[in-house]
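Note that the working numbering has the sequence shown beginning at 26, numbered continuously upward.
From the three backbone atoms N, C-alpha and C, an ideal C-beta is built for every residue, glycine too.
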Amino acid sequence: MKRSPSISVLLSLVFLTLGITLRLWYYLDARSLFIDEANLALNISELPYHRFFQPLLYDQYAPPLFMVFSKGAVQLLGNHEWALRLWPLIGGILILFTFLRLNKKLHLATAICWFPLAMAALSPFLLRFSTELKQYSTDGALALGIILLALELPPEKMKNRHYWIWAFAGALSLWLSMPVVFLLCGVGTYYFYHFIRQRNGKALFALSLVGAVWALSFAVLYITVLKAGIDRPVLQTYHSAYFFPVQLWETGAWKQLGIIFYGLLSPALGFTVAGLIIGIGLLLWGSYRLFQQQTGFFILIVLPILACFSAAACQLFSLIPRVSLFLMPLFLMLATYGASEVWKSSGTYLRMALLGLLILEAAPFANSINQLGQTTEIENLKAVLVEIKGSSRPGPAYIDVAATPAYRYYSQWHDQKQRYQFPGAILLSWDSNLQEILERQRKESPGFWLVFSQLLSDEARDLRNRKRAIAEAKAKEKVQIEKTGAEGYWYEY
């Protein structure tokens, strides 16, 4: 007689469905592009396909094939948020399905299977980046996909065609996700470890050829795309706080380390103190038990993490959370394995306590469910632009530098660009002298607009206030349009 699925399996499917539903809501809400998304959208809109295999414009980096697929979606579906964010959405959903498959490959205790699905499905961080025009969710999906492929092609069953699969998949995936290089380090070492134990010289030779293909592909990628970004001083400065500190005796090094690890662990294991303590404890126990029981699989998961940290210590990779999103599913996988091992070795009372702790860890993420039916806007510049255009107030619109990338995209490239275009728009730069500009404009029009976006920090809001003060010294503020993260003000001379 066929067994009915357990409550845990049913819960896994519930969280899978809920995770997909939430991601679709974030996607369909089509929130305004923020500054980095807008700059990437400008690259997609302005550049031909072959230019994606060179450094991008506007201080942006994205893998060449990610850009190719994104531009293909735009050309097929139209130039709008849904097309631009299609691949991140697919990546975010694939993370959930891959976890569902990995639950079986890891031979987890059935009662624990719901846990990784719940955490991945409801994590606010993973939700956001599943529908953001950046490559981070596809990084996470590829990381899990490569681990799953290694488990589907175990060393003892490798055939000639499997080496061809790995050579092609590894070389190609490097152009779709830069962090894949860390996963391939783990994959290569995983097979090397098993082939050495098997004393399989033929397999080691085939593996070395696969590794050579990977190395050649990465070398070409580094020379043509990555090196320019690594050598760019502005990016080095921006990410300096997220390089792994190696001189731990220096002032502030431990604080920097704490900030880095909190940023990497909290999106996957919970952002409360209790959740982090539980999650880190399970992660460490899972790592220990995995090393004891399945050393090869331990290498497959942990070595990419260590390789990433080593690159960050050499200032070759940033541990800023969104860039390192691909690590978060790996941390969650180790914590899940730890929970499974505790369950297998425990009695009834300890198992009930473990379930309580897992629920306590996951509970704060349940707030994500409240987002259904609510706006997901971060910087609602579109609404500000539409209201300004509908107001018919005379005078030019001065677009603040932080709002310029999004305004350029919406007014020049978006399918509904006529809704957002201002004939007299003037794009301000970092060194624009607003006081002189307004003084010169006084005789030409009775008023003007100031348009701001990316008002997400105290620093950004202070800068806005200073510019408003300059405007108020020249004219009187008459109209205010204030939306989430974006604002517009009309002044009359």
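Exercise. Is DSSP giving F122 helix, strand or coil here?
Worked result: helix
Exercise. Closest to T123 by CA distance: which of E177, V99 and P80 is it?
Worked result: E177
Problem set entry | Length at least 4, wholly inside the stretch 26 to 55: the alpha helix (DSSP H) runs in chain order | 32 to 53
Problem set entry | Buried or exposed by the 16-neighbour rule on C-beta atoms within 10 Å, applied to T163 | buried
Problem set entry | K508, enclosing beta strand (DSSP E) - first and last residue | K501 to K508
For this session: Out of I69, M353 and Y247, point me to the one whose CA is closest to A166's CA.
Result: M353
For this session: For S265, name the three-state secondary structure that DSSP assigns.
Result: helix
Exercise. Quick one: what does DSSP say V348 is sitting in, helix, strand or coil?
Worked result: coil
For this session: Would you kindly check if the distance between the Cβ of L357 and the Cβ of A293 is under 8 Å?
Result: yes
Exercise. DSSP state of I451, grouped into three classes?
Worked result: strand
Exercise. Quick check: the stretch 388 to 407 against the stretch 500 to 511, are there 3 or more CB pairs under 8 Å?
Worked result: yes
For this session: Locate the alpha helix (DSSP H) running through L475, then write down its first and last residues.
Result: Here L475 belongs to no alpha helix (DSSP H); instead the beta strand (DSSP E) covers G472 to S478.
Problem set entry | Reduced DSSP category for E62 - H, G, I as helix; E, B as strand; rest coil | helix
Exercise. Which residues in the same chain have their Cβ closer than 6 Å to the Cβ of Y216, if we skip the five residues on either side of it in sequence?
Worked result: P180 and L232
Problem set entry | As assigned by DSSP and simplified to three states, the class of W200 | coil
For this session: Give me the Cα-Cα distance between K27 and H132, rounded to the nearest whole angstrom.
Result: Note on K27: pLDDT 49, under 50, position unreliable in the model; the coordinate value appears next. Approximately 20 Å, taken between the alpha carbons.
Problem set entry | Rounded straight-line distance, which links the Cα of A431 to that of F59 | 7 Å
For this session: Identify the continuous alpha helix (DSSP H) that holds E177 and give its terminal residues.
Result: Y161 to E177
Problem set entry | Counted within 10 angstroms of its Cβ, other Cβ atoms place F193 as buried (16 or more) or exposed | exposed
Exercise. Measuring CB to CB, does A146 end up less than 8 Å from S365?
Worked result: no
Exercise. Between K442 and the rest of its own chain, which residues show a CB-CB distance below 7 Å, the 5 nearest in sequence each way excluded?
Worked result: Y435 and S436
Exercise. Anyone know if the C-beta pair for D487 and G103 falls short of 8 Å?
Worked result: no
Exercise. Under 8 Å, do S265 and W139 count as touching if we go by C-beta distance?
Worked result: no
Problem set entry | CB-CB length for L350 against F154, believed under 8 Å | 6 Å
For this session: Could you tell me the distance, in whole angstroms, from the CA atom of T429 to the CA atom of N225?
Result: 59 Å
Problem set entry | DSSP state of Y445 mapped onto helix, strand, coil | coil
Exercise. By Cβ distance, which residues of its chain are closer than 6 Å to V271, with the 5 residues on each side in sequence left out?
Worked result: A338
Problem set entry | Same chain, Cβ closer than 8 Å to F296, neighbours up to 5 away in sequence not counted | P389
Problem set entry | Assigned exposure category for H219 - 16 Cβ within 10 Å defines buried | buried
Exercise. Does DSSP classify Y215 as helix, strand or coil?
Worked result: helix
For this session: Identify every residue that forms a DSSP beta bridge with A422.
Result: A450 and W474
For this session: Mind reading off the beta-carbon distance from L127 to L173? Whole number of angstroms is fine, and I expect it under 8 Å.
Result: 6 Å
Exercise. For Y188, which of helix, strand or coil comes out of DSSP?
Worked result: helix
Problem set entry | Nearest candidate by alpha-carbon position, reference L397, set P149, Q100 and S37 | P149
Exercise. Which value, in whole angstroms, describes the spacing of the CA atoms of G117 and L151?
Worked result: 7 Å
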